[in-house]
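Residue numbers 91 to 686, in this note's numbering, belong to the letters of the sequence shown in order.
This report refers to the structure that appears directly beneath it.
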Amino acid sequence: GRHCSHDVSRAAFTPVAPNRTDAVTNAPEFTHNVVIRWGDPVEAGARRFDVHAQTPEAQAKQFGYNNDYVGVLPLDGRRALLVTNHEYTDENLMFPAGEYDDATIKKIAMAAHGMSVVTIERGRAAGSWIRADHRRSRHNRRITVHTEFAFHGPAAGHELLRTEADPTGMRVNGTFGNCAGGTTPWGTVLSGEENFNGYFDASGPVDAANAASFKRYGLATTTTTNRGWSDVDERFDLARHPHEAYRFGWVVEVDPLEPTSTPVKQTMLGRFKHEGANVTISKSGHAVAYMGDDERGDYIYKFVSADRFRHGRSPAARRHNKTLLTKGTLYVAKFTGDGTDDGVFDGSGEWLPLTSHHRSHVPGMSVAEVLVNTRLAADTVGPTKMDRPEDIEPNPVNGKIYCALTNNSDRGVKYPTDETNPLASSMVRAELGAPLTSKSGNRNGYVLEVTERGNDHTATRFAWDLFLVCGDPTAPETYFAGFDKSKVSPISCPDNVAFDGAGNLWISTDGNVLGSNDGLFRVPVAGPRRGHVEQFLTVPFGAETCGPLVSRDQRSVFVAVQHPGETDGATFESPSSTWPHTDGFPRPSVVVSYRR
Ligand code: FEO
Ligand code: CA
Ligand code: CA
Ligand code: CA
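Structure follows, in structure tokens:
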């Protein structure tokens, strides 16, 4: 039943009302503390953060900008490793005007990208976590644009991955655009390289051999400004180094327990705008990864390993499990509706094989070519064009897979509607209190529920339904798994998903178009309250809610507050948010919520 509890999977709470507050607002039964902020020390020897005296070297040892994915790996009862992505930077909010030259800004920004591994320890209150002293935390680590990675899997060493700097095609420096991710059953962290295209430009004509691929991935083939990193590192100039672009857009695997290990880009999981990857172990013992390609009209993928997971924490078992993502089969999803006469958006589907590690299923493309140009390969087999597939995660309690389809302003315009992507228009509010008006496209997003045949994650057939059609519950098109719409919280633009120990789905949002701040929601997927969406917290003005993560003991909810104050025209001097209110300017931070 619902009662006062420290267990967030069971605790009743009073849903947070939509608001425009520059704060993290918890349900009144809960509170939170900041765990770590942009600029806080991570590696030993990190300099104290001074926004007026930053250097690339200082930033490379400090917590990066725009935390997105959150993983927590217990070390012992008292300490754990917090692993986060740093997706991108907002130079307008990071740098006081006129204090840094352009090249220094770019170099600091490069060091603020990537990932962090941070030792955390329990705070005084039950459920609270704080940053441990970085000087006594041997696992602490920053991964930046300069960190060396190894390519693993069938495309490693392929001609398309070779550059002047790396004629072997086996090593690459850095990761960026890291959005969501997943923690594997063997204790590594996966991170998706998402909008990697925006970091490249071209000072002149690009070798025409790359034209079809670059077009499909949105890579520049002419001089464009983009982020201008080519000004300080010529490998980002596609006219000079076209293959450098093929070295991004992968899922990376980091082993936080081995701080000196070389992180890996797993080519078997394909190359696209990877939102993230979440791995489960099938009944047969195979590792199965679910992945979204976050672009309007792009696809949902899954990978099934050839080898089986080995239980136990022995070094031999870990070594073996860290090879599971290098061999197997990569699939893309095709959804079929069964008609809307039954009153629900649902149907069946199949996983279409693209390639295994030894045999391509796409005529005219080799295994490595399918993995490097996965979008081009998938285009040939007729998968379903989706409304921006974001985070996809299997529910450990019921075995079903939940996918956030965040929105698609082109649905009904460029992409025809179908039963899986049914909304060509929806009602949105310009501001809180303003009237609802119609806008083209799916603006508020869906949460898709997939049931593999026989509840077997290796199956090639599945059933599906739209669990949520998000939006203002008073709008007629919204749907909350059949639950009473007068009792649910409004929700818009689902982005990340997570589960608690009872199997409840937690959804974080990015880009709420209902006129209020983004937030985090809990919703049961089974029982009489299936579909009862309740808002657990809201994030500050201009921020997106990332993570989220429910701790194994069910007492803590971690949330990454990404890009607070990122609004049109906002600058360091005139920010629209000053959260977390320690400095007079915004600092993206990870927070943890727990029972008051
Ligand atoms: Fe970086 Fe798809 O959100
Ligand atoms: Ca139907
Ligand atoms: Ca995301
Ligand atoms: Ca997003």
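For glycine and all other residues, C-beta sits at the position ideal for the given N, C-alpha and C.
Residue from the options whose Cα sits closest to the Cα of residue i
i      : options                        : result
SER696 : PHE120, VAL173, VAL98          : The requested residue 696 does not occur in the structure, where the chain is confined to residues 91 to 686.
VAL647 : GLY161, LEU359, ASN545, GLY429 : GLY161
PHE286 : SER582, GLU334, SER95, LEU347  : GLU334
PHE495 : ASP383, ASP140, GLY523         : The sequence given here has Leu at residue 495, not Phe. Residue ASP383 is the option with its Cα nearest to LEU495.
GLU567 : ALA592, SER579, LEU513, PRO584 : LEU513
VAL207 : ASP431, VAL587, TYR190, LEU163 : LEU163
SER606 : THR668, ASP555, GLY621, GLY523 : GLY523
VAL262 : ARG226, ASN268, TYR336, ARG221 : TYR336
GLY561 : GLY601, THR668, PHE552         : GLY601
LEU556 : SER641, GLY288, VAL615         : VAL615
ASP327 : GLY259, GLU254, GLU238, PRO275 : GLU254
PHE185 : PHE435, ASP166, PHE552, ALA202 : ALA202
VAL342 : THR635, GLU238, PHE552         : GLU238
LEU309 : GLU189, LYS363, GLU480, ALA170 : LYS363
THR111 : PRO405, ALA633, ASP397         : ALA633
Environment of residue i [buried if 16+ CB atoms lie within 10 Å]
i      : result
GLU119 : exposed
LEU183 : buried
LEU403 : Here residue 403 is Arg; the residue named in the question, Leu, does not match the sequence. With fewer than 16 other Cβ atoms within 10 Å, it is exposed.
HIS176 : buried
LEU414 : buried
LYS305 : exposed
SER576 : exposed
HIS142 : exposed
GLY91  : Any reading at GLY91 must be qualified, since the residue scores a pLDDT of 42, below 50, and its modelled position is unreliable; the value itself is stated next. Result: exposed.
HIS122 : buried
ARG228 : exposed
GLY674 : exposed
LEU558 : buried
THR312 : exposed
ARG478 : buried
HIS448 : exposed
GLY135 : exposed
SER664 : exposed
HIS401 : exposed
GLU521 : exposed
PHE146 : Inspection of the sequence shows that residue 146 is occupied by Pro rather than by Phe. Label assigned to PRO146: buried.
ALA107 : exposed
Ligand 2 heavy atom lying under 7 Å from the CB of residue i
i      : result
ASP600 : no
ASP436 : yes
GLU509 : yes
THR430 : yes
GLY264 : no
GLY572 : no
GLY439 : no
Beta-carbon proximity check, residue i vs residue j, cutoff 8 Å
i      : j      : result
ILE233 : GLY271 : no
ALA468 : MET455 : no
VAL98  : ASP608 : no
MET476 : ILE390 : yes
TRP340 : ARG361 : yes
VAL378 : LYS392 : yes
PRO638 : ASN594 : no
VAL452 : PRO244 : no
PHE266 : THR357 : no
ALA216 : ARG620 : no
GLU365 : GLU480 : yes
VAL681 : VAL649 : yes
Near ligand 1: residue i beta-carbon under 7 Å from a heavy atom
i      : result
CYS583 : no
GLU365 : yes
GLY211 : Per the sequence presented here, residue 211 reads as Glu, with Gly not at that position. The answer is no for GLU211.
GLU177 : yes
GLU283 : no
ASP469 : no
ASP384 : yes
Distance cut-off 7 Å: residue i Cβ against heavy atoms of ligand 3
i      : result
TRP560 : Note that residue 560 corresponds to Cys in the displayed sequence, not to Trp. No, the Cβ of CYS560 stays beyond 7 Å of every heavy atom of ligand 3.
ALA270 : yes
ASP158 : yes
ASN586 : yes
GLU483 : no
ARG480 : The sequence as given places Glu at residue 480; Arg does not occur at that position. Yes, ligand 3 has a heavy atom inside 7 Å of this Cβ.
Closer than 7 Å: residue i CB and nearest ligand 6 heavy atom
i      : result
ASP180 : This structure lacks ligand 6; its bound ligands are ligand 1, ligand 2, ligand 3 and ligand 4.
Margin query: I'd like to know if the stretch 437–446 and the stretch 404–423 are in contact, where contact means that at least 3 CB-CB pairs between them fall below 8 Å.
Written below: yes
Next item on the list: Report yes or no: do three or more beta-carbon pairs, one from the stretch 367–376 and one from the stretch 544–559, lie closer than 8 Å?
Entry: yes
Next item on the list: Kindly confirm or deny that the stretch 201–218 and the stretch 293–310 touch, where touching means at least three C-beta pairs closer than 8 Å.
Entry: no
Check: Taking contact to mean at least 3 C-beta pairs separated by less than 8 Å, is the stretch 530–545 in contact with the stretch 486–498?
Finding: yes
Check: Are the stretch 626–638 and the stretch 601–616 in contact at 8 Å, needing three or more beta carbon pairs?
Finding: yes
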